[in-house]
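J.:
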Amino acid sequence: MQFDLDVDRRKFFASLGGAAAVAAMAHEARAEALEDYMAKQLDDPEQQDAAPEKFPTVAELEAQNSSRATRRGVGDVFTGRAGKVSKLEPMPAKPTLQDFFRLRFSTVNHVLQSANRAMKTGMTEEIVLACLLHDVSQSLIKVDHGWWGAQLFEPYVPEKVTFAIRYHQALRFYPDHQAGYEYPDLYKRMFGVDYEPPEHIQAAYKFARNHKWYMEPRLVTVNDLYAFEPGVTVELEKFTDIIGRHFKQPKEGLGHDNSPVAHMWRSMIIPDTPL
Ligand SMILES: [Fe+2]
Ligand SMILES: [Fe+2]
729 MQFDLDVDRR KFFASLGGAA AVAAMAHEAR AEALEDYMAK QLDDPEQQDA
779 APEKFPTVAE LEAQNSSRAT RRGVGDVFTG RAGKVSKLEP MPAKPTLQDF
829 FRLRFSTVNH VLQSANRAMK TGMTEEIVLA CLLHDVSQSL IKVDHGWWGA
879 QLFEPYVPEK VTFAIRYHQA LRFYPDHQAG YEYPDLYKRM FGVDYEPPEH
929 IQAAYKFARN HKWYMEPRLV TVNDLYAFEP GVTVELEKFT DIIGRHFKQP
979 KEGLGHDNSP VAHMWRSMII PDTPL
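Heads up, our numbering is the position in the sequence shown plus 728, with the first residue counted as 1.
(1) Listed in chain order, which residues are found with a beta carbon closer than 5 Å to a heavy atom of ligand 2?
(2) Do the stretch 880-894 and the stretch 839-848 make contact, defined as three or more Cβ pairs closer than 8 Å?
(3) Any idea if Val-960 is buried or exposed, counting beta-carbon neighbours within 10 angstroms, 16 or more meaning buried?
(4) What number of angstroms, rounded off, separates the C-alpha of Gln-906 from the C-alpha of Val-786?
(5) To the nearest angstrom, report how far apart Phe-829 and Val-836 are at their CA atoms.
(6) Return the Cβ separation of Phe-935 and Leu-860 in integer angstroms, given the expectation that the two are a contact with Cβ distance under 8 Å.
(7) For the candidate residues His-838, Ser-834, Leu-1003, Thr-824, whose alpha-carbon lies nearest to that of Val-962?
(8) Hey, how far is the Cα of Gly-808 from the Cα of Lys-870?
(9) Exposed or buried, what is Leu-982 when buried is set at 16 or more other beta-carbons lying within 10 Å of its beta-carbon?
(10) Whose C-beta lies closer than 7 Å to the C-beta of Ala-752 among residues of the same chain, with five residues either side of it excluded?
(11) Where are the alpha helix (DSSP H) runs, 4 residues long or more, that stay fully inside the stretch 823-885, in chain order?
(12) Looking at the unbroken alpha helix (DSSP H) that takes in Asp-913, where does it start and where does it end?
(13) Please classify Tyr-909: does DSSP put it in a helix, a strand, or coil?
(14) By alpha-carbon positions, which one of Ala-821, Trp-875, Val-889, Trp-876 ends up nearest to Thr-852?
(15) If you drop the 5 nearest sequence neighbours on each side, which residues of the same chain put their C-beta closer than 6 Å to that of Ile-855?
(16) Starting from Asn-951, trace the alpha helix (DSSP H) both ways and give me its first and last residue.
(17) How about Ala-898 and Pro-945: do their beta carbons lie closer than 9 Å?
(18) Do Leu-857 and Ala-843 have their beta-carbon atoms positioned less than 9 Å apart in this structure?
(19) Could you check where the alpha helix (DSSP H) with Arg-994 kicks off and where it finishes?
(20) Where does Ala-749 fall in DSSP's three states?
(21) Span of the alpha helix (DSSP H) holding His-896?
(22) What separation, rounded to the nearest whole angstrom, lies between the Cα atoms of Ala-749 and Gln-977?
Right, dumping it as structure tokens:
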């Protein structure tokens, strides 16, 4: 079951102590608070308000950039909530994909929910795996996360999976009613109501739209849930077999296998290293 909630901006701001308090929050903290607010609304539908949300414009969002401590595209492992980073747990000597899920990846709940939906609706194992991995590169870097994510996983998963991860980034800006994907309100909120994808996104969309594997990234967007199923917690163990069958864990551990992308994994292992 999927839920869509309208978020009343005024009520949401009030719940956090007013517009000034919200403006002072780091982007990440605000996103988390919004997530939390939406989850609470699900528990108490009475709180839902019919008043339509007023989405920011591109210019309004750009005007906020000069007051940010970090760029919006920076990876989660390099930024902290409420202006401070936390002490990171050291990683095992030979880290596996599961260790990164446990100790470094952000967006974990979101990708678990997406993969769970793909599994429940009987999609292929490649799609389930692509859903499970589609956003976790945001721990390293957020801007162009589809390309970064595909590159990060390229040595370890089938090509169809990286195709799905790479192109979901472009496809999410283009509705496909037949496939069951509509433009999400979240993007009006994040990118601006009048946002137009840049040329490289338009070109990637055109390429993927005409590709024989179009449905791979499209189904990632179809499973890309922006709301939560109440009371449902998805454990990573649910996907152990699929990971085992399709993800080639290097015996030296991710980051230590001398692959062309080992440094990307290492950057998440030791993000406190100054140079
Ligand atoms: Fe994504
Ligand atoms: Fe996503």
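Here a beta-carbon is modelled for each residue, glycine too, at the ideal position from N, C-alpha and C.
Quantities reported herein were computed from a predicted structural model and do not represent experimental measurements.
T.: Walking through what the data contain:
(1) Asp-863, Asp-952
(2) no
(3) On the sequence shown, position 232 is the one that residue 960 refers to. Classification for Val-960: exposed.
(4) The residue labelled residue 906 in the question sits at position 178 within the sequence shown. The residue labelled residue 786 in the question sits at position 58 within the sequence shown. The straight-line gap from Cα to Cα measures roughly 29 Å.
(5) Counting from 1 along the sequence shown, the entry for residue 829 is found at position 101. Counting from 1 along the sequence shown, the entry for residue 836 is found at position 108. So the alpha carbons of these two residues sit roughly 7 Å apart.
(6) Your numbering for residue 935 matches position 207 in the sequence shown. Your numbering for residue 860 matches position 132 in the sequence shown. Phe-935 to Leu-860, Cβ: 24 Å. No contact.
(7) Sequence index remark: in the sequence shown, residue 962 carries index 234 (1-based). Cα-wise, what sits closest to Val-962 is His-838.
(8) Working through the sequence shown from its first residue, we reach residue 808 at position 80. Working through the sequence shown from its first residue, we reach residue 870 at position 142. Computed Cα separation, rounded: 14 Å.
(9) In the sequence shown, residue 982 corresponds to position 254, counting from 1. Buried, because 16 or more other Cβ atoms sit within 10 Å of the Cβ of Leu-982.
(10) On the sequence shown, position 24 is the one that residue 752 refers to. Model confidence at Ala-752 stands at a pLDDT of 45, short of 50, so the residue's coordinates are unreliable and nothing is read from them.
(11) 825-831, 836-848, 853-861, 873-881
(12) In the sequence shown, residue 913 corresponds to position 185, counting from 1. Counting along the chain, the alpha helix (DSSP H) containing Asp-913 begins and ends at 913-919.
(13) Along the sequence shown, one-based indexing puts residue 909 at 181. Strand.
(14) Here the question's residue 852 lines up with position 124 in the sequence shown. Of the candidates Ala-821, Trp-875, Val-889, Trp-876, the one whose C-alpha sits nearest the C-alpha of Thr-852 is Val-889.
(15) Taking the first residue of the sequence shown as position 1, residue 855 is located at position 127. Here the set comprises Ala-846, Leu-947.
(16) For the purposes of this step, residue 951 is taken as the residue at position 223 of the sequence shown. Run containing Asn-951: 943-951, per the alpha helix (DSSP H) assignment.
(17) Position 170 of the sequence shown, counting from 1, holds the residue named residue 898. Position 217 of the sequence shown, counting from 1, holds the residue named residue 945. Result yes, Cβ atoms of Ala-898 and Pro-945 sit closer than 9 Å.
(18) Walking along the sequence shown from the start, residue 843 turns up at place 115. Walking along the sequence shown from the start, residue 857 turns up at place 129. A contact, by the Cβ cut-off of 9 Å.
(19) Mapped onto the sequence shown, residue 994 falls at position 266. Counting along the chain, the alpha helix (DSSP H) containing Arg-994 begins and ends at 990-997.
(20) Locating residue 749 in the sequence shown gives position 21, where the first residue counts as 1. Any answer about Ala-749 is weak, because its pLDDT of 46 lies below 50 and its placement is not dependable; what the coordinates show is given next. Helix, per DSSP.
(21) Taking the sequence shown and counting its residues from 1, the one referred to as residue 896 is at position 168. Here the alpha helix (DSSP H) through His-896 covers 887-899.
(22) Working through the sequence shown from its first residue, we reach residue 749 at position 21. Working through the sequence shown from its first residue, we reach residue 977 at position 249. Bear in mind that a pLDDT of 46 at Ala-749, under 50, signals an unreliable position, so the number given afterwards is only what the model happens to contain. Using only the alpha carbons, I get a separation of about 44 Å.
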